[in-house]
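Colleague: Convert by adding 1 to the 1-based position in the first sequence; the result is the number in my numbering. Just so you know, even glycine gets a beta-carbon here, dropped at the ideal spot from N, CA and C.
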Amino acid sequence: MPELPEVQTIVDDLNKKIIGRRITDVWFDTPKIIKKPKPAELEKQIKGLKIVDVRRKGKNILVYLTNNKQPTTNDFLLLIHQKLTGHLLYGKWQIKKVSGIKYQVSSLISGSLEEKVNNYIHLIFYLDNDWQLALSDLRKFAKVLFGPKEEIENLPDLKKIGPEPLARNFDISAFQNLIKRERRKIKQVLMDQEVIAGIGNIYSDEILWQAKIHPFMPTYKLKTYQLKNLYKAMRQILQKAIKLRGTSISDFRDTGGKPGAYTEIRKVYQREGEPCNRCGTPIKRVKIGGRSAHYCPKCQSNCE
DNA sequence: ATGACGTCCTGCCTGC
DNA sequence: TGCAGGCAGGACGTCA
Numbered sequence: 002m003p004e005l006p007e008v009q010t011i012v013d014d015l016n017k018k019i020i021g022r023r024i025t026d027v028w029f030d031t032p033k034i035i036k037k038p039k040p041a042e043l044e045k046q047i048k049g050l051k052i053v054d055v056r057r058k059g060k061n062i063l064v065y066l067t068n069n070k071q072p073t074t075n076d077f078l079l080l081i082h083q084k085l086t087g088h089l090l091y092g093k094w095q096i097k098k099v100s101g102i103k104y105q106v107s108s109l110i111s112g113s114l115e116e117k118v119n120n121y122i123h124l125i126f127y128l129d130n131d132w133q134l135a136l137s138d139l140r141k142f143a144k145v146l147f148g149p150k151e152e153i154e155n156l157p158d159l160k161k162i163g164p165e166p167l168a169r170n171f172d173i174s175a176f177q178n179l180i181k182r183e184r185r186k187i188k189q190v191l192m193d194q195e196v197i198a199g200i201g202n203i204y205s206d207e208i209l210w211q212a213k214i215h216p217f218m219p220t221y222k223l224k225t226y227q228l229k230n231l232y233k234a235m236r237q238i239l240q241k242a243i244k245l246r247g248t249s250i251s252d253f254r255d256t257g258g259k260p261g262a263y264t265e266i267r268k269v270y271q272r273e274g275e276p277c278n279r280c281g282t283p284i285k286r287v288k289i290g291g292r293s294a295h296y297c298p299k300c301q302s303n304c305e
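#1: What separation, rounded to the nearest whole angstrom, lies between the Cα atoms of Ile1 and Asp76?
#2: Taking only the alpha-carbon atoms, compute the straight-line gap between Glu305 and His215 and give it to the nearest angstrom.
#3: Using the rule of at least 16 other Cβ atoms within 10 Å of the residue's Cβ for burial, across every protein chain shown, is Val287 buried or exposed?
#4: Any chance you could list the beta strand (DSSP E) runs of at least 3 consecutive residues sitting entirely within the region 3-88, in chain order?
#5: Quick one: residues in its chain with C-beta nearer than 6 Å to the C-beta of Val53, no 5 flanking neighbours on either side, listed in chain order?
#6: For Gly13 versus Tyr127, is the C-beta distance shorter than 8 Å?
#7: Tell me Val287's beta-bridge partners as DSSP assigns them.
#8: Could you tell me how far apart the beta carbons of Leu78 and Gly148 are, in whole angstroms, since I believe they sit closer than 8 Å?
#9: Pull up the DSSP beta-bridge partners for Thr248, would you.
#10: State the Cα-Cα distance for the pair Leu109 and Ile125, rounded to the nearest angstrom.
#11: Quick check on Ala41: buried or exposed, where buried means 16 or more other Cβ atoms within 10 Å of its Cβ?
#12: For Asn303, name the three-state secondary structure that DSSP assigns.
#13: Run through DSSP, which three-state label would Ile180 get?
#14: Answer yes or no: do Ala168 and Tyr204 have a C-beta to C-beta separation smaller than 8 Å?
#15: Between Gln227, Tyr221, Gln46 and Tyr232, which has its C-alpha nearest Ile200's C-alpha?
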């Protein structure tokens with residue numbers, strides 16, 4: 002599932018590939034993904050706009066557009082949240098109607114890493130260079146919002162998101178201040194997008210393993226040295242994962258369809274029963290609020 | 001304030 | 001072999 006490093010990988014790719022392009026057309030077969038405006042309105046409103054920037058806020062991809070007339074009052078924003086299984090792909094596809102509402106989307110690029118037929122592409126933006134930006138999503142949980150920049154930026158979807166863990170001004174004391182007032186288990190706090198942006202199930206497990214902290218540890222009980230370790234682990238692991246272009250457990254792919262390399266060096270996530278890299282103890286998996294947590298019962302035994 | 005659970009969705013795995 | 005049932009999981013809503 003795309004978390005901060007995976008989304009950053011996509012955003013970096015898009016900055017190389019789609020800046021300056023104009024959107025010439027839109028196709029979709031799953032209207033529920035488009036939360037704003039009304040799905041039928043999207044094409045009319047976005048057609049002709051030029052892509053000027055692509056950024057990330059938490060796990061959200063932000064595509065900034067303009068109509069080039071009066072830039073300050075005519076800027077627009079396309080927000081894409083990939084949720085569990087969404088990915089943005091840059092390529093060329095052909096759409097064939099199979100029946101009333103069924104379509105078949107197949108890649109026109111020979112040697113493409115993507116399978117020839119992609120049953121999960123539900124939304125395509127056509128660009129003025131003959132290429133396309135497609136949203137593929139097996140579970141159809143992804144969400145897309147589009148509108149005037151100010152309006153989208155002020156929606157709770159973006160407004161409520163906490164600070165970026167890798168931001169230069171997010172130092173140890175800023176981190177401590179946020180974390181210390183929490184009463185929940187540390188794993189849940191790390192994954193709460195309103196506390197810190199971009200961390201999900203995979204990286205919270207990895208960060209806690211590196212910091213040697215039990216996922217169930219009540220946050221207010223963390224000692225100062227543990228908070229320091231946690232902060233350091235968070236920055237290190239996220240940076241490393243960005244360098245390796247993310248983790249591909251569920252089915253993350255970059256915009257060219259390639260998996261991320263962090264998968265190879267992960268220490269706990271989906272390694273239940275395998276030996277801990279530090280002490281050899283089998284990795285344990287437990288449920289916490291409907292999510293699974295993976296940890297080493299020996300290295301991370303400091304609960305209670 | 002916290003937590004537990006249901007919802008969305010579908011490929012995959014298990015068990016009979 | 002085949003099919004039913006359970007599971008995963010980010011964000012959000014509901015209820016205790």
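Modeller: Taking the structure as given:
#1: Absent from the model: residue 1. The displayed extent of the chain is 2 to 305, so no value can be given.
#2: To locate residue 305, count along the first sequence from 1; it is residue 304. To locate residue 215, count along the first sequence from 1; it is residue 214. Bear in mind that the predicted position of Glu305 carries a pLDDT of just 47, short of 50, making it too unreliable to give a figure here.
#3: Residue numbering aside, residue 287 sits at position 286 when the first sequence is read from its first letter. Result: exposed.
#4: Segments of the beta strand (DSSP E) lying fully in the region 3-88: 24-29, 35-37, 51-58, 61-67 and 76-82.
#5: Counted from its first residue, the first sequence places residue 53 at position 52. Excluding residues within five positions, the ones whose Cβ falls inside 6 Å are Tyr65 and Thr67.
#6: If you number the first sequence from 1, residue 13 lands on position 12. If you number the first sequence from 1, residue 127 lands on position 126. As written in the sequence, residue 13 is Asp, which differs from the Gly given in the question. Contact flag unset, no.
#7: In the first sequence, the residue the question calls residue 287 occupies position 286. For Val287, which the question treats as bridged, DSSP gives the partners Ala294.
#8: Within the first sequence, residue 78 is the residue found at index 77, counting from 1. Within the first sequence, residue 148 is the residue found at index 147, counting from 1. Right, their Cβ atoms sit about 7 Å apart.
#9: Taking the first residue of the first sequence as position 1, residue 248 is located at position 247. Its beta-bridge partners are Ala262.
#10: Within the first sequence, residue 109 is the residue found at index 108, counting from 1. Within the first sequence, residue 125 is the residue found at index 124, counting from 1. Looking at the two C-alpha atoms, the distance is approximately 14 Å.
#11: What you label residue 41 is simply residue 40 of the first sequence in a count that begins at 1. Ala41 comes out exposed.
#12: As a position in the first sequence, residue 303 is number 302, starting the count at 1. Three-state DSSP puts Asn303 in coil, outside helix and strand.
#13: Here residue 180 refers to the residue found at position 179 when the first sequence is read from its first residue. In the structure shown, Ile180 adopts helical secondary structure according to DSSP, grouped into three states.
#14: Along the first sequence, read from residue 1 onward, the residue named residue 168 stands at position 167. Along the first sequence, read from residue 1 onward, the residue named residue 204 stands at position 203. Contact: no.
#15: Taking the first residue of the first sequence as 1, we reach residue 200 at position 199. The shortest Cα separation from Ile200 among Gln227, Tyr221, Gln46 and Tyr232 belongs to Tyr232.
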